[in-house]
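Undergrad: Going by the working numbering, the letters in the sequence shown line up with residues 80 to 142, in that order.
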Amino acid sequence: MSPFLVLAFVVVIIGFVLLLRPELLWRLWHKDKKAVLPGAQAALLRLGGIGCMLLSVCLAQLV
């Protein structure tokens, strides 16, 4: 397997996590387990997930 294809798979998994469950990564960044993710920041994290998925498509096209 090409290294670019493996990297594309990793990036798309990160994108799916950001798109579907941004709270998981939010809790990893904050020490407080009861930290609440504000709506605006959740939307920005979801947009970052869409960007990661677009990046994975670009990486897959390099193969």
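Virtual Cβ for every residue (Gly too), placed ideally from N, Cα, C.
(1) How big is the Cα-Cα spacing for alanine 121 and leucine 98?
(2) Let me confirm a value: alanine 211 is counted as buried when at least 16 other C-beta atoms fall within 10 Å, else exposed. Which label applies?
(3) From the DSSP output, in three-state form, read off serine 81 for me.
(4) Identify whether arginine 100 lies in helix, strand or coil by the three-state DSSP scheme.
(5) Quick one, which of Met80, Gly94, Ser81 has its alpha-carbon nearest serine 145's?
TA: Taking the structure as given:
(1) CA-CA distance, alanine 121 to leucine 98, rounds to 9 Å.
(2) This structure cannot speak to residue 211, because the chain is shown only from 80 to 142.
(3) coil
(4) coil
(5) As shown, the chain starts at 80 and ends at 142. That puts residue 145 outside it, with no answer to give.
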